[in-house]
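Numbering (my numbering), first residue to last: 662 to 742.
Dropping the structure here:
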């Protein structure tokens with residue numbers, strides 16, 4: 662593997678920047694080159710696009726308090742790790 666090849670793990674870490682169009686052109690080319698040659702990652706990116714599209718319609722008021730608290734706790738715990 663060439664040193665500029667992107668791994669699946671690296672793609673996962675960069676996918677938000679990709680979907681938000683916040684990548685430098687050279688990094689975007691690396692990302693898309695990986696997508697073109699990988700069997701799994703294109704499905705992962707498509708699933709995230711769908712999730713963002715569907716959840717992007719939700720507002721904070723759409724979540725019941727127990728669900729909101731549970732999600733916030735999960736993110737706080739994840740971030741500390």
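Note that the Cβ used here is the ideal one computed from N, Cα and C, for glycine as well. Remember, it's a predicted structure, so these values are computed and weren't measured experimentally.
Local Cβ density within 10 Å of residue i, reported as buried at 16 or more and exposed below that
i	result
residue 716	exposed
residue 697	exposed
residue 692	buried
residue 669	exposed
residue 667	buried
Secondary structure of residue i, DSSP reduced to three states
i	result
residue 724	coil
residue 688	helix
residue 698	helix
residue 735	helix
residue 681	coil
residue 741	helix
Residue range of the alpha helix (DSSP H) that includes residue i
i	result
residue 668	Unbroken run through residue 668: none, as it is neither H nor E.
Nonlocal neighbours in the same chain, by C-beta distance under 7 Å from residue i, ignoring five residues either side
i	result
residue 718	none
Other residues of its chain near residue i: CB distance less than 6 Å, five sequence neighbours each side excluded
i	result
residue 733	none
residue 684	678
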